[in-house]
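With full-length UniProt numbering applied, the sequence shown covers 1 to 121.
Worksheet: one structure, shown below.
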Amino acid sequence: MAPAEMSAPAEYDEGAGKAAATEAHDHAGPAIVLSYVASGLSAMLSVCCYTEFVVEIPAAGGSFAYLRVELGDAAAFIAAANLILESVIGTAAVARSWMSYLASLINKPASTLRIHAPGLA
1 MAPAEMSAPA
11 EYDEGAGKAA
21 ATEAHDHAGP
31 AIVLSYVASG
41 LSAMLSVCCY
51 TEFVVEIPAA
61 GGSFAYLRVE
71 LGDAAAFIAA
81 ANLILESVIG
91 TAAVARSWMS
101 YLASLINKPA
111 STLRIHAPGL
121 A
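In structure tokens, the structure reads:
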């Protein structure tokens, strides 16, 4: 096989890093270095905020533990419900896309492996 035949399709040429660099180049222009410095400074300040949270509440846990101590049980419940909902929706999206890949691997239409629930639509 010739090297050109073994190359990846065009849709795989765009990676997350290349897309971010292209966006930074298009929008920041010559100030791209300052743009990266500003984003690094923002990340550093975020680390300082999380460090302060850890010092205040030394118990193990994440946002739920912090919100429970600082704002009470109601805010912690809302945050926990939001985290669970985010996890469920994200998992469903990944499962659906992986089913499409699996269907293409076995040469079937993408809809053959999906569970259809007309009552939920």
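We put the beta carbon where it would ideally sit given N, CA and C, even for glycine.
Inter-residue CB distance, residue i and residue j (contact presumed, cutoff 8 Å)
{"i": "L113", "j": "L102", "result": "6 Å"}
{"i": "A76", "j": "L67", "result": "4 Å"}
{"i": "V47", "j": "I57", "result": "Contact flag wrong, Cβ pair sits at about 17 Å."}
Burial state of residue i (16 or more Cβ within 10 Å)
{"i": "Y36", "result": "exposed"}
{"i": "K108", "result": "exposed"}
{"i": "S111", "result": "exposed"}
{"i": "E11", "result": "Its pLDDT being 49, under 50, E11 is placed unreliably in this model, and the value from its coordinates should be taken loosely. That one is exposed."}
Beta-carbon spacing of residue i, residue j below 8 Å
{"i": "A79", "j": "S63", "result": "yes"}
From the options, residue whose alpha carbon lies closest to that of residue i
{"i": "A92", "options": "L41, D73, S104, I115", "result": "I115"}
{"i": "residue 142", "options": "L45, L83, A65", "result": "Only positions 1 to 121 of the chain appear in the structure, and residue 142 is not among them; the question remains open."}
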